[in-house]
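Trainee:
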Amino acid sequence: MRNRPCASLLALSVALSFALPVLASAQDAAPAPTPAPAAAPAPADEITDDEIFVIAQTLRGQVETPVPPVLELNEADIAAYGSGSISDLITALGSNVTGSGGGFPVILVNGVRISSFRELRSYPPEAIDKVEVFPEEVAQRYGYSPNQRVVNFVLKRNYSSREVEAQYGQPWDGGYSTQEAQGTYLQLVGESRINFNLDWNNSSVLTEAERGVIQSIVPVVPGDPDPAEYRSLVSDSAGIQATGNFATRIAPGTSLSLNAAFERSDSLSYQGLNSVVLQGPEDEEGERDSRLRIFGADDPLTVDRRTTTYSFGSTLNTGIGDWQINGTLDANRADTRSLIGRRADTSSLVAAAAAGTLDLDGPLPELPDPGYDRANTRSDTANTKITVNGRPVLLPGGEVSLTFDGGFDYTNIKSRDTRNANLETSLKRGNANAGVNVGIPITSRREDFGAAIGDFNLNLSGGVDHLSDFGTLTDWSAGFNWRPTERLNFRVNRVVRDQAPSLSQLGNPEIATVNVPIYDLTRGETVLATVISGGNASLPAQSQQEWRIGVDWELPEFTSAIQQARIRVEFNKSHAEDVASNFPVLTPTIEAAFPGRVVRDPVTGSITQVDQRPVTFARQDSQRLQFGLNFTGPFGKARPEAAAAQQSNNPFSLMRQAVQGGNAPANGGQGPAGGPGPQGGGQFNPQAFEQIRMRFCTPETANTVPTAADLAGLPEQLLERLRNPDGTINAERWAEVRTNICSNNGGPQFDPERLAAMRETMCGKPGETPPAITEAQLAGLPPQMLERLKGPDGKIDPERMAQLRTRFCSADFGRQRGPGGPGGPGGEGGPGGFAGGPPPGGGGPRGPGGFGGPGGPGGGGSQDGRGRWFLNFNYSYQIKSEILIAEGGPLLDLLGGDAVAGGQPRHSVQFNGGLFYAGFGANVNARYTGSSRINGSAMPGSEDLFFAEYATVNLRLFADLNQRTELTEKVPLFKNTRITFSVDNLFDARQRITDSSGTVPLRYQPYLVDPIGRSFSLQLRKLF
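Mapped onto the numbering used here, the consecutive letters of the sequence shown carry residue numbers 4 to 1027.
1. Identify the residues that DSSP records as bridge partners of G433: which are they?
2. So the alpha helix (DSSP H) K973 belongs to, where does it begin and stop?
3. Find out if the Cβ-Cβ distance for the pair G433, S464 is shorter than 8 Å.
4. Per DSSP, what kind of secondary structure is V223 in: helix, strand or coil?
5. Compare the Cα-Cα distances from A241 to each of R1006, S207, A212, N539 and report the closest residue.
6. Let me know if P598 comes out buried or exposed under the rule of 16 or more other beta-carbons within 10 Å of its beta-carbon.
7. Say whether the segment 390-399 touches the segment 343-363, bearing in mind that this needs 3 or more beta-carbon pairs closer than 8 Å, one atom from each stretch.
8. For A378, collect the residues of the same chain with a Cβ closer than 6 Å to its Cβ; drop the 5 residues on either side in sequence, then sort them by chain order.
9. Going by the CB atoms, is the gap between E194 and D624 shorter than 8 Å?
10. Closest to T446 by C-alpha separation, out of E135, N484, G933, would be which residue?
11. Mapping DSSP to helix, strand and coil, what is V903?
12. Does the count of Cβ pairs from the segment 159-169 and the segment 100-119 closer than 8 Å reach three?
13. Please list, in chain order, all residues of the same chain as E890 whose beta carbon is under 8 Å from its beta carbon, the five residues on each side excluded.
14. Verify whether the separation of the beta carbon atoms of G608 and E946 is less than 8 Å.
15. Spatial neighbours of N386 within its chain, please: CB distance less than 6 Å, with the 5 preceding and 5 following residues excluded, ordered by chain position.
16. How should N492 be labelled, buried or exposed, when 16 other C-beta atoms within 10 angstroms of its C-beta is the threshold for buried?
17. Could you give the distance in angstroms between the alpha-carbon of S278 and the alpha-carbon of L304?
18. For P848, count neighbouring Cβ atoms within 10 angstroms of its own Cβ and tell me buried if that reaches 16, exposed if not.
19. Locate the alpha helix (DSSP H) running through I89, then write down its first and last residues.
20. Alpha carbons only, please: which of S935, Y84, F107 is nearest the one belonging to I131?
21. How would you label N748, buried or exposed, when you count the other beta carbons within 10 angstroms and need 16 or more for buried?
22. According to DSSP, I937 sits in a beta bridge with which residue or residues?
23. Taking all protein chains shown into account, do 16 or more other C-beta atoms lie within 10 angstroms of the C-beta of A540, making it buried, or fewer, making it exposed?
24. Could you give the residue range of the beta strand (DSSP E) that holds G172?
25. Which two residues bound the contiguous alpha helix (DSSP H) that contains L397?
26. For a minimum of 4 consecutive residues, which ranges assigned as the alpha helix (DSSP H) are wholly contained in the segment 448-536?
27. To which residues does DSSP link V154 through a beta bridge?
28. If you follow the beta strand (DSSP E) that Y273 is in, where does it begin and where does it stop?
29. P1004 and D998 - do their beta-carbons sit closer together than 8 Å?
30. Any contact between the segment 565-574 and the segment 625-643? By contact I mean 3 or more CB pairs, one from each, below 8 Å.
31. Can you name, in chain order, every residue of its own chain whose Cβ lies under 6 Å from the Cβ of F473, other than the five neighbours on each side?
32. My understanding is that G178 touches P230, with C-beta atoms under 8 Å, so please give their C-beta distance in whole angstroms.
33. Buried or exposed for R869, going by 16 or more other Cβ atoms inside 10 Å?
34. Between F990 and T246, what straight-line distance do the alpha-carbon atoms span, to the nearest angstrom?
35. With W175 and F1019 assumed to form a contact (beta carbons below 8 Å), what rounded beta-carbon distance in angstroms separates them?
36. Give every residue of the same chain whose Cβ lies closer than 6 Å to the Cβ of S546, excluding the five residues on either side of it in the sequence, and list them in chain order.
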């Protein structure tokens, strides 16, 4: 059987309701109805009703791939996180969305590549139907590198909200505070999206004096200022950001999205005070008195930085024949201006003290204003990509997936710095790239080809990049995905690629920054030294080879409290040569390996200067084993009032009601618990409706837009949503309605009562264990569906039956929920979806509000009003981590105490768990980092550094007041309002870093490692 795009939810409902009579009557031990006469076999390229349920596993907007997701979230799961935006949700998902490269994941919207995360980062989570997270292999199908995970957001077809949010936070110990306010508007109407967001944030300064940080240089003369008061741990900062997004369908099968953003951020950091060592004239014994003087409190050393960013993006999606084409553009301009305070010229003070004309302990004369150094940088980037995806070949195991991608990336960085003689540095890079990805199905259970083996798919890709400043780089990968059962999946991938150093690593101007704290492992002391930064033009291309092996197992549903349980095990082995790296942490081994990078005082031996420009490592090897658990499910008692308040997100619920011949009012009446609300009179005319179908469901009228008079047989509520302000019919909205009107082809009518009976038979009543299903009860199902439920022995396979039950019971098709039927659990009351009013219980998504009205915010929890819980656990075990500095040079064992960027722990754990019920939610996020060390040397005074294990716990409590009906009735202002209280680092944990004697070096004081510690924030969020 040739796979086809998924059928509509309406068609799925029709197909299932067609099978209801036998199931329902078998439950009652009554004779089954006579099945309809068998139709003639359908051609291979046609879809029969019997096939719909089997092939409709991929719903609208989901990613079509043989690789199973590592995490799936439905509306209830998303609500349990209590996030205020999609950006917050990505942050909350943490390691679940972080790939082997450690960077930001690939973001898709409705299974389609977008130009930038800007397009939806400010969307409220209530606008999401589903979230899918896929492993790195799927990224190649969209033209991305194979080291990023893929996150797909399936958006609701119709949703609208206006959001305001205010947040205040501060450390538990005080010292500074943060404030943020933002407003967001979003409207989703079919393929059209409009979004505006304005965000403002502010943070006050936190100084070392406010945390009692011990200084390496302290005043010895009374009256000299304390430099701790003029060194900032947290900069004084403020920022504003404005974003606009627009997407629409510009032609049948073609959509366009545009987005633009403006961002400005300002920060002011304090770098300390001027200091000088004064020596008086020689006394009679030839000795000279000296004093360390600290001065300049009226003009401290600062760095004042302003960054202004302009961004624009666009995405075009279209199709030619069976090929889907996606084009993206993402352009950015960032202007950064930095004012760096210069150190005062103290030569006159030194001369006066040596001449005896300046009292070493007296007031210091005022020195000329040294002024500022100015650094300006302009960075322009433009990234374009075109991907073409199709399934051109049909093999016995299924269709071959083929993706071509090509693009051009441009980067231009211009900088000018007075510390570099005000010379302009210009760096440019153009990258013309192309690639291909092929997915080949070898065996398939669905196609009944090699079904005993399971689903086996090969994945091959190759690419080339030509860099204007560096030359040609290549990459390729090969792997397979084997799914012996529906719940068990094995994947193996081999990735080989070349990688060029970044432009900044190659060509940044050389700049000297004074007064930077450096810990000297050789002498066991902290000093203030001059640090040289910049680029290194001699860096070569990096060659990387990687193996990734993964096993994913979806556990059977062994209890009703766990709806989704996944276990993931991954092994990663990486080998890289000629690795470009920032200058590593300064250890005796590193100092010896890179001679000339460290300058020491010839008398004292203390460090005076460190050249931290990038370096090249000859080889880097690592091996890592990761283990992940993801669980989610319902809990608690069902809340009928909450279930009745949930509404369908399908904007055609009223139309379906009309199709079956009964049209409930927009505000359904109250029905008894467990029963449907009464149907109300409507304006539906079955004869007129059939005439509409006959007139407008022909190929000749596919692009015809009717008048309002032509549609007189439709319910008035639907007509209101179809009309433009001038009374004409909106072409885009009509196209969507026409698709649903004409998709049934006069087939079996949708029957919600039969669907409800089948749901109870398959799923049981809310809160109860689903009953067993016999083969006799399944006798009325379509033959092809029965064949797919049977195992090799010809009997119903329990695992396949469990999956059918899970999909059916978790589906939301055909449920006519309405806000007016609080007594109808499960939403069997009137549809009410077009009223656009807020749900009284708030237990789920608000009605779609038709095509133009607001879908609005909704609450969380399960479909029957029960609570929701989730648990994510990720453990990482570092097996090997080694770096060869140079051929014939030292081999660094990072797990054994050698270091390039701090201690390398072997163990790390991330935990994220939460629950949500009746409007109240709680999330706990914890992170554990194992112990590590950095070796010193055998020289006298050298010390080892020990990084102790530590764990941080973050707590988030939130209340969705919209679900507290008794409260919102008394205070309507609380409707669609959420209050969140968060505590980060609940136990005020900080990593303790000590030397061999157990002493904490000045450079690693707890407040320098983590100046914030335990902090809290209060957030108020309201949707309109």
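Quick reminder that beta carbons are idealized off the backbone N, C-alpha and C, glycines included.
Mentor: Working from what's here:
1. Y413
2. 968-973
3. Not closer than 8 Å, so no.
4. coil
5. A241 has its Cα closest to that of S207, out of R1006, S207, A212, N539.
6. Exposed.
7. no
8. S341, D420
9. no
10. N484
11. coil
12. no
13. A621
14. no
15. For N386, where only same-chain residues beyond five positions count, the Cβ hits under 6 Å are D333, D412.
16. So N492 counts as buried.
17. 11 Å
18. Low local confidence applies: a pLDDT of 34 at P848 is under 50, so the model's placement there is unreliable, and no value is given.
19. 89-96
20. Y84
21. Low per-residue confidence applies at N748: pLDDT is 41, beneath 50, and the placement is therefore not dependable, though the value from the model is reported in the following sentence. Under this definition N748 is an exposed residue.
22. L948, per the DSSP bridge assignment.
23. exposed
24. 161-174
25. Element bounds for L397: not the alpha helix (DSSP H) but the beta strand (DSSP E), 375-398.
26. 506-510
27. I110, V136
28. 257-275
29. yes
30. Three or more pairs of CB atoms, one per stretch, sit closer than 8 Å, so the segment 565-574 contacts the segment 625-643.
31. A503
32. The Cβ separation is near 17 Å, so there is no contact.
33. Here R869 is buried, its C-beta having at least 16 other C-beta atoms within 10 Å.
34. 37 Å
35. 7 Å
36. Take S546, set aside five residues on each side of it, and the residues of its chain with a beta-carbon closer than 6 Å to its own are D501, E580, in chain order.
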